[in-house]
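The listed protein sequences derive, respectively, from chains S and B. Heads up: the first sequence begins at 325 in the working numbering, then just goes up one per residue. Heads up: the second sequence begins at 40 in the working numbering, then just goes up one per residue. By construction, the Cβ of each residue, glycine as well, lies at the ideal position given by its N, Cα and C atoms. Here the structure is laid out as structure tokens; the discussion comes afterwards.
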Amino acid sequence: GAGVSQSPSNKVTEKGKDVELRCDPISGHTALYWYRQSLGQGLEFLIYFQGNSAPDKSGLPSDRFSAERTGGSVSTLTIQRTQQEDSAVYLCASSSFRGHDTEAFFGQGTRLTVV
Amino acid sequence: RKEVEQDPGPFNVPEGATVAFNCTYSNSASQSFFWYRQDCRKEPKLLMSVYSSGNEDGRFTAQLNRASQYISLLIRDSKLSDSATYLCVVMNTGFQKLVFGTGTRLLVSP
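Below, the structure written as structure tokens:
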């Protein structure tokens, strides 16, 4: 498919375990974003990758969160020692810069539940 | 201060009403502006770009006020299907980074 793909779609994990969430952006998109969204809340920015530039990590809530983007394509968001407050939907988006016509395409998200 | 601020709502309006949302942004270097729509339990999707001269798409009108650093979205003749969260988005062209507001929730009732 041509869209942003995220896996897994659902993840239930025990408190204290590590989890990895994967995002496959649209081919050729240089920008990749991770957001999280708690139930009934707005988007919370986590991290932004743009080409080969250093990522903007200003939204990561703690040092338990990290993300990589290998080869300018696939990205993995890792949460170490998960806590119950980490439960949320994690959304990935990618875009290709086109000025006023720039559009971010989102994946369907990974719903993370920490029990 | 958040880079993009929106009233979270919810805005409760009857069918057929006209409703307007505003969004303010703090970075004067922002050069591109957009409205996205997010349906319940779905991912956000682009609704429309906002051009300097203002633009219209059917019942939706978007306007930009650079001097006051706000953008607006006007929805005329509201439909039940307009019920969603509307996200304001700005982009600093230099960084090519889209910055999303947290959204304004709209509920249209019969």
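{"Check": "For S/R435, the first and last residue of its enclosing beta strand (DSSP E)", "Outcome": "434-438"}
{"Check": "Cβ distance (whole Å) where S/R405 is taken to contact S/R388 below 8 Å", "Outcome": "6 Å"}
{"Check": "Rounded distance between the beta-carbons of B/L137 and B/K58, thought under 8 Å", "Outcome": "It is worth fixing the name first, because residue 58 of chain B is Val in this sequence and not Lys. Not confirmed; about 24 Å, so no contact."}
{"Check": "contact_flag[the segment 335-346 of chain S, the segment 394-409 of chain S] where n(CB pairs < 8 Å) is 3 or more", "Outcome": "yes"}
{"Check": "S/L436 and S/A412 closer than 8 Å at C-beta", "Outcome": "yes"}
{"Check": "Which of helix, strand or coil DSSP assigns to B/S120", "Outcome": "helix"}
{"Check": "Neighbour flag for B/Y64 against chain S, beta carbons, 8 Å", "Outcome": "no"}
{"Check": "Range of the contiguous beta strand (DSSP E) that encloses B/P53", "Outcome": "50-53"}
{"Check": "Pick from S/Q432, S/S377, S/V439 that is closest to S/D410, judged by C-alpha positions", "Outcome": "S/V439"}
{"Check": "C-beta neighbour in chain S for B/Q135, strict 8 Å", "Outcome": "yes"}
{"Check": "Close Cβ partners of S/D342 (< 8 Å) along its chain, the five nearest in sequence each way excluded", "Outcome": "T402, I403, Q404, R405, T406"}
{"Check": "Chain-ordered chain B contacts of S/A428 [CB-CB under 7 Å]", "Outcome": "L137"}
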